[in-house]
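Inspection log for the structure reproduced underneath, given as structure tokens.
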Amino acid sequence: MAGRLLKVTSVATAVVASSGFYLYNKQLDLNDISLVRFGRAAATTAVISYDYMTSLKHVEYGSEEYWALKSQVHRRSAERLCNLCCANRGTFIKVGQHLGALDYLLPEEYTSTLKVLHSRAPQSSMEEIQQVIREELGKELSDLFISFDVKPQGAASLAQVHKAVLHDGRTVAVKVQHPKVQTQSSKDIVVMEVLLNMVHWLFPDFAFMWLVEEAKKNMPVELDFLNEGRNAEKVAVMLAHFPWLKVPKIHWDLSTRRILTMDFAEGGQVNDRDYMRRHSIDVNEISQNLGKMYSEMIFVHGFVHCDPHPGNVLVRRCPNTRKTEIVLLDHGLYQILLPDFRLSYCRLWQSLIKGDLNGIERYSRRLGAGDLYPLFACVLTARSWTSVNAGIGNTPVTHSEDVEIRSNAALYLPQISDLLNRVPRQMLLLLKTNDLLRGIETTLQTRAASSSFINMSRCCTRALARHKRSKAQSRARRLQITMSESLTLWQISLYELFLWVKGSTLGGWVGSLLSCLHYTH
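First residue of the sequence shown: 10, per my numbering; consecutive thereafter.
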């Protein structure tokens, strides 16, 4: 098998070299040629596979030497994969970013290495940007804008954003798709599918075909910027009752499938603690509001923004009111949760918060986890089984537990891979979203706070009550459901007040007073 891999590597290298010589004479960009992109990907896949097969061959499984050596192979392989993504760009970077977000599902060596892809996305030249605008809007830059910044505000795998000023004086952000992404993406996905099938044949425990399935489904959606604009408007209306949430207004007259123009929004990234300190922004308030926003999306509406990496979530002080605001950007990828899935997910989280093991098993099985429901509960919450047993709402996160969970991602990779192939496709983007949000909480040092569970409990209660009311046959039954909902929400608010008093100065005084009284008696 190792010999077979060496042959694959040699062929791929020859393909790349010969193609490179030909294209050099033709003055063409190597990256535009599918054969070159495939050869590069095949060679990287072969080298990574060969490394895993040979490096661990003569080491006793489970020994300290085995795990140390495996960590080194993980690190080397992650670096090779990262270099491949940077070379092939576009869809490869997008998928690499997706893998880098799965902190509690993949080995740390992979996630930490692939995270750099968020800052290493390619930039299109100004000539390419002007050409796309000319093709899509039929006009020159000077006809559309008074000014257009040459340097992009940010570059991502599929597009880059430029700051511009309209002729009426309004400042806008113009998101322009990289010119070659559209034509390359479908071919790149085929390449990934072929190579992942090959890896699965070599390593049966490696079953990451869900990654290709998600890319097939999501990439065409993300490449349609008109769809992104519609998502932005929908979520702005849906969450209009949150005065602190801002979604930039879309300028439809300057938007197409490859260009999206919106109001320009200032702010610091949500994981920038220094920015928050300089602008007197309370990290706990930001973390709490982020939890409210996502709990509402997931449990109440079933319409979920699935790319909350720090570059897409800005924080700022409103110039007029001086109140803290969250600006939500990049609405290209949303997950729509079907009602049955959403309600089972609600009930599962309620069971996880309370430590209801029967409920955890029942609703995990209903969501497709089968006998892997304990692993599913740990993956979903990024908590140990001990904490899940006790109820994650009752046990704060500790550093040692977090380290344990991240280590287990490498130890149980085959089982996690099996689990991800079992659960409904809707769950995959939710797991990515969960990991991204946990990453933000970890950076803000608010992950141990109970506010997120309180917000989730409220939203689950409201969602389930609304579902029951829709099924109720009589007015009396609907009134009973509403009264029960109000009572549960009141209990949650009372518990929240108790936690606030307990953590406040007043709580400290009361505790000291009770201790003194107990001592005197």
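Each residue gets a CB set at the ideal place from its N, CA and C atoms; glycine is no exception.
Simplified DSSP state of residue i, which is helix, strand or coil
i	result
R331	coil
Q169	strand
S483	coil
K66	coil
D272	strand
I401	coil
V510	helix
F350	helix
V388	helix
T180	strand
V174	strand
F157	strand
I490	helix
A164	strand
Q454	coil
Local Cβ density within 10 Å of residue i, reported as buried at 16 or more and exposed below that
i	result
E7	As displayed, the chain neither begins before 10 nor continues past 530, which places residue 7 out of reach and without an answer.
Q106	buried
C468	buried
S134	exposed
L210	Here residue 210 turns out to be Trp, not Leu, going by the sequence shown. The residue in question, W210, is exposed, as its Cβ has fewer than 16 Cβ neighbours within 10 Å.
L420	exposed
Q186	buried
D339	buried
L250	Residue 250 is actually His in this sequence, not Leu. By the neighbour-count rule (16 or more Cβ atoms within 10 Å), H250 is not buried but exposed.
T63	exposed
T407	exposed
C91	buried
C-beta contact flag for residue i and residue j at 8 Å
i	j	result
L114	V412	no
I401	I463	no
L204	T330	no
T122	E88	yes
T470	T491	no
L342	V230	yes
S166	A224	no
I345	N298	no
G99	Q162	no
R351	F308	yes
G368	V324	no
A182	K172	yes
P213	L422	no
P317	L446	yes
Y61	V82	yes
N97	R46	yes
V174	S156	yes
Beta-carbon separation (whole angstroms), residue i vs residue j, contact threshold 8 Å
i	j	result
N280	T452	4 Å
R431	G377	5 Å
H288	V244	No, H288 and V244 are not in contact; Cβ-Cβ is about 25 Å, not under 8 Å.
L269	F234	4 Å
L232	V104	In fact, because the Cβ distance is near 14 Å, the residues do not count as touching under 8 Å.
Y372	R356	5 Å
E450	S296	6 Å
S396	E410	7 Å
W253	K332	7 Å
Can you list, in chain order, the stretches of the beta strand (DSSP E) that have 3 or more residues and sit fully within the stretch 269-328? 312-314 and 322-326
Where in the stretch 44-108 do unbroken runs of the alpha helix (DSSP H), each at least 4 residues long, occur, reported from the N-terminal end onward? 73-97
Taking only runs of the alpha helix (DSSP H) that begin and end inside the stretch 189-244, which ones reach a length of at least 4 residues, in chain order? 190-211 and 218-231
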